[in-house]
Amino acid sequence: MIVAGLWITLSDSMALWLAPDPGAYVTLQTWKGGVFVFVTAFLLYIVTRRQFVRLGASRTKARDLAARLQWMLKSLDDLVFVLDGELHFSDVYCPDAAELLMPPERFMGRRAEDVGLPEEVGHALRRVREERSVQSMEYALDLPHGRRWFSAKLSPMIDDDGVFAGAIAIVRDITALKASEQRFRRLFEDLQNIAVQGYDTERRVVFWNAASEALYGYSRDEVLGNTIDDLIIPPASRDEMRRLHRDWIEHDRPIPAAEFELRNRDGKAVSVFSSHSLLNNEHGEPELYCVDVDLRALKEAQAQLLRAATHDPLTGLPNRLLVRDRVDQALAFAVREQALVALMFIDLDHFKIINDTLGHGVGDRFLQEVSQRLASCLRDSDTVSRQGGDEFLVVLPGLHDRGAVAAVAQKIIEAMQTTFSIGDHALTCSCSIGIALYPEDGGDFDSLLLRADTAMYQAKASGRNAFRFFTAQMNADVHERLAMQNHLRHAIQQGEFELHYQPQIDLVTGHVSGAEALLRWHSAVLGTVPPARFIPLAEESGLIIPIGEWVLREACRQAQQWREQGLGPMVMAVNVSALQFHRSDPVEMVGRILSETGLPAECLELELTESLLVQDGAGATLETLRRLKALGLRIAIDDFGTGYSSLAYLRRFPIDKLKIDRAFVRDIACDPEDAAIVNLIVDLGRILKLKTIAEGVEDPEQLAFLGARGCNEVQGYLFARPMPGADFAAYLDSALKARER
1 MIVAGLWITL SDSMALWLAP DPGAYVTLQT WKGGVFVFVT AFLLYIVTRR
51 QFVRLGASRT KARDLAARLQ WMLKSLDDLV FVLDGELHFS DVYCPDAAEL
101 LMPPERFMGR RAEDVGLPEE VGHALRRVRE ERSVQSMEYA LDLPHGRRWF
151 SAKLSPMIDD DGVFAGAIAI VRDITALKAS EQRFRRLFED LQNIAVQGYD
201 TERRVVFWNA ASEALYGYSR DEVLGNTIDD LIIPPASRDE MRRLHRDWIE
251 HDRPIPAAEF ELRNRDGKAV SVFSSHSLLN NEHGEPELYC VDVDLRALKE
301 AQAQLLRAAT HDPLTGLPNR LLVRDRVDQA LAFAVREQAL VALMFIDLDH
351 FKIINDTLGH GVGDRFLQEV SQRLASCLRD SDTVSRQGGD EFLVVLPGLH
401 DRGAVAAVAQ KIIEAMQTTF SIGDHALTCS CSIGIALYPE DGGDFDSLLL
451 RADTAMYQAK ASGRNAFRFF TAQMNADVHE RLAMQNHLRH AIQQGEFELH
501 YQPQIDLVTG HVSGAEALLR WHSAVLGTVP PARFIPLAEE SGLIIPIGEW
551 VLREACRQAQ QWREQGLGPM VMAVNVSALQ FHRSDPVEMV GRILSETGLP
601 AECLELELTE SLLVQDGAGA TLETLRRLKA LGLRIAIDDF GTGYSSLAYL
651 RRFPIDKLKI DRAFVRDIAC DPEDAAIVNL IVDLGRILKL KTIAEGVEDP
701 EQLAFLGARG CNEVQGYLFA RPMPGADFAA YLDSALKARE R
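The sequence shown begins at 1 in the UniProt record's numbering and counts up by one.
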């Protein structure tokens with residue numbers, strides 16, 4: 001318009017100026033009009049063409065967009081419904097018409113209620129229009145091929161002017177998902193050992209399976225709709241559980257799987273391991289599902305394992321691991337309160353005899369009774385512990401004087417002297433107690449235990465059935481024993497041992513019938529060490545095993561040498577310790593040594609203690625003795641009458657000789673009791689067809705008595721003291737020459 005106005009105004013002025021002549025003016029005006037029409041038409045053509053190009057591009061873009069939208073819809077398994085502002089269906093896209101109640105075209109122009117959809121769909125669409133918000137829901141339809149479940153997401157369409165223009169509904173078939181949910185729900189309901197509960201946002205129970213009923217004691221009908229906090233959550237934990245639930249819903253902070261302590265209907269604690277899941281129900285509302293695994297059996301098993309690790313299985317008393325902890329606690333208390341702590345080491349005297357003669361069943365019951373009796377002597381704050389075998393520890397914390405400790409020890413000793421009734425057996429057993437005190441004897445468990453053990457050995461050495469407090473002298477004795485053990489090992493390595501031999505005399509012929517090999521030790525450091533000093537230590541340390549093998553080999557070698565020198569047939573008697581007998585293979589050892597030395601087996605006699613016989617609970621000793629006898633050697637019972645043998649044992653074992661202990665021989669001429677015992681042993685030997693030999697014969701009166709009673713053999717200072725091998729060879733030679741004269 002502006003261009004046209006300027007053209008008309010300017011062209012007329014220019015025409016008057018260019019053609020003042022009227023005729024020329026008219027001609028110019030005609031040409032001017034034609035130019036105007038041409039220019040206007042050309043410009044209009046350009047503008048129109050441009051608009052058509054733009055319109056074509058828009059249509060192409062729209063077609064492409066529509067095509068892409070179609071492809072997008074085809075790629076979906078969902079139903080898509082478009083509704084206008086009045087909530088009438090205006091378009092329907094359906095990949096499978098079987099999912100619709102009617103053909104798609106019958107939806108057009110109709111409302112949800114008019115096409116058979118549930119009322120809640122219409123209500124949800126109206127909320128979309130009124131609230132202009134997205135709505136989610138689930139609903140079911142009975143279709144010709146069965147009942148189907150659908151989820152729907154309803155979204156509003158708002159035009160540029162902010163006016164509600166309609167809604168889009170995206171609907172998905174969730175029948176398979178619902179079936180899966182039902183299977184899982186039934187699975188949760190049927191789980192026997194896993195409790196599953198579901199709560200809504202107000203923590204009201206919406207699901208409660210059978211395992212929850214069993215675990216917490218509430219039936220499903222009792223809990224549905226009630227707040228879970230009032231049922232199983234302890235009051236102290238309710239605020240925290242509500243906070244965790246709220247944080248998950250509002251801030252997407254999952255509740256970590258963890259162990260919780262809840263309550264059952266009776267108010268008892270229930271330990272569970274809980275994991276949680278947040279799920280939406282059919283209305284799209286969040287629900288918290290909790291899966292609880294009952295930990296009570298696991299806790300009980302853990303407690304049993306802990307008890308097994310810290311208690312003696314036989315007596316139920318604390319073991320060394322637990323008593324160490326009790327001592328540590330007692331020491332910590334003593335430091336604060338400046339109190340004493342006493343640690344007692346208790347060892348039963350001669351318990352092995354009970355165990356071996358009556359069997360381990362009786363022995364175990366006896367130990368159980370001992371445990372109860374020890375506990376009855378103590379305070380609740382004290383601890384009694386079994387260390388194994390027949391050894392016990394007692395911890396006395398919070399004391400203030402030694403007298404209280406001594407009183408407890410004496411109480412234990414007196415309690416142990418009362419007879420124990422175990423089945424048909426009435427048993428007695430004393431004990432020896434060693435005591436160490438904190439702080440004077442040590443500041444930790446190990447040092448106190450070491451010193452209490454040392455004191456216990458002193459109590460045994462003093463005659464048993466006693467208690468002893470640890471003293472510095474005991475410690476010195478321990479160090480002396482350790483030094484002596486080292487000297488013994490050195491003696492084995494350096495060959496410091498020597499055998500002396502004492503003759504055994506046949507009372508019928510008066511001739512030498514044998515010799516007993518006796519061990520002597522000449523130490524390069526200690527000088528000559530008496531057997532009474534080193535033999536018990538060798539037994540205690542186990543060194544008696546290599547020493548005993550050396551003694552047997554040397555005695556057999558020497559006896560064979562004398563045989564080869566023509567010093568007459570005689571029997572070599574060698575002592576075998578109980579430790580050597582049980583911890584080594586005596587049959588193999590004896591057979592090997594006899595083979596090495598060439599000594600005939602009938603020339604060897606093994607002297608065993610009575611304790612070996614009564615320790616044969618499983619028959620192993622009897623079997624070993626039978627195998628030894630099969631080699632052809634002889635077996636004698638040493639120091640007979642001082643132990644626990646009975647006629648049954650003597651009849652059972654393959655014994656050749658009884659050796660009467662020197663304690664009965666010493667006063668045989670003046671003590672009627674000793675004389676009666678010797679008479680009994682000799683008569684017993686005669687009845688059982690066993691030889692008897694008396695040791696320690698030192699005067700003619702003893703010899704006369706033994707000869708008159710029928711004793712077979714004797715040995716003692718009356719005939720000869722033990723002597724080195726060379727001297728004994730000379731003794732034999734002299735005896736042989738005397739016989740020849």
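From the three backbone atoms N, C-alpha and C, an ideal C-beta is built for every residue, glycine too.
Quick caveat, the model's predicted, so the values are computed rather than measured.
Run of the alpha helix (DSSP H) containing residue i, from where it starts to where it stops
i    : result
L599 : Element bounds for L599: n/a, residue is neither H nor E.
Y216 : A210 to Y216
A720 : No alpha helix (DSSP H) holds A720; DSSP gives it neither H nor E.
E540 : P531 to S541
F705 : P700 to R709
D444 : Premise fails: D444 is in no alpha helix (DSSP H) and is neither H nor E.
F728 : G725 to E740
R132 : No alpha helix (DSSP H) holds R132; DSSP gives it neither H nor E.
E222 : R220 to V223
L244 : R238 to H251
Residue closest to residue i, alpha-carbon to alpha-carbon, out of the options
i           : options                   : result
E369        : G510, F392 and T357       : F392
Y526        : E607, N486, S513 and F107 : Before going on, a small fix: residue 526 reads as Leu here, not Tyr. The candidate whose alpha carbon is nearest that of L526 is N486.
G166        : I174, P600, L154 and I505 : L154
C94         : P256, L552 and D78        : D78
P654        : K689, D639 and L680       : K689
residue 774 : N465, F81, P672 and A669  : Since the displayed the chain opens at 1 and closes at 741, residue 774 lies outside it and no answer follows.
L215        : C711, A195 and K657       : A195
D683        : G566, R662, Q702 and R709 : R709
R402        : A436, V335, A415 and E202 : A436
T315        : S371, L599 and I170       : S371
L622        : D638, R651 and Y457       : R651
residue 779 : S219, A140 and A409       : For residue 779 there is no data in the structure shown, the boundaries of the chain being 1 and 741.
V206        : D292, E287 and E250       : E287
V576        : L599, R557 and L604       : L604
P530        : L44, L519 and D674        : L519
T528        : A491, V508, D506 and E549 : A491
E564        : D585, E131 and T597       : T597
Where the beta strand (DSSP E) through residue i begins and ends
i    : result
Q620 : Just to set this straight, residue 620 is Ala in the shown sequence, not Gln. Taken as a continuous stretch (DSSP letters only), A620 belongs to no beta strand (DSSP E), being part of the alpha helix (DSSP H) at A620 to L631.
A669 : Unbroken run through A669: none, as it is neither H nor E.
I660 : K657 to I660
S432 : C431 to Y438
H511 : It is not in any beta strand (DSSP E) - H511 carries neither H nor E in the DSSP assignment.
E605 : L604 to T609
Residues near residue i in its chain [Cβ-Cβ closer than 6 Å; skip 5 each side]
i    : result
E113 : G122
G267 : none
L322 : T310
F728 : Y501
L543 : L488
E701 : A669
Backbone secondary structure at residue i - three-state DSSP
i    : result
H360 : helix
H123 : helix
Q565 : coil
L688 : coil
V576 : coil
D142 : strand
F581 : helix
S523 : strand
G372 : At residue 372 the sequence reads Gln, which differs from the Gly that was named. Of the three classes helix, strand and coil, the one that applies to Q372 here is helix, per DSSP.
V327 : helix
E554 : helix
H350 : coil
Residues near residue i in its chain [Cβ-Cβ closer than 7 Å; skip 5 each side]
i    : result
Q387 : R320 and L393
S271 : E259, E261, L295, R296 and K299
R253 : D247
R265 : Y216, G217 and Y218
K659 : E607, A636, I637, D638, D639, F640, I693 and E695
Cutoff 8 Å; reference residue i; Cβ partners in own chain excluding five residues on either side
i           : result
residue 810 : Residue 810 falls outside the range modelled here, since the chain spans only 1 to 741, and no answer is possible.
Q504        : V512, S513, G514, A515, E516, V571, A573, I693, E713, V714 and Q715
A66         : Because the pLDDT at A66 is just 49, under 50, the model does not fix this residue reliably, and the point stays unresolved.
A407        : none
Segments assigned alpha helix (DSSP H), at least 4 residues, entirely inside the segment 255-323: DSSP assignment within the segment 255-323 yields the following whole alpha helix (DSSP H) runs of 4 residues or more, N-terminal first: 296-310.
Where are the beta strand (DSSP E) runs, 3 residues long or more, that stay fully inside the segment 384-429, in chain order? Listed in chain order, they are 391-399, 420-422 and 425-427.
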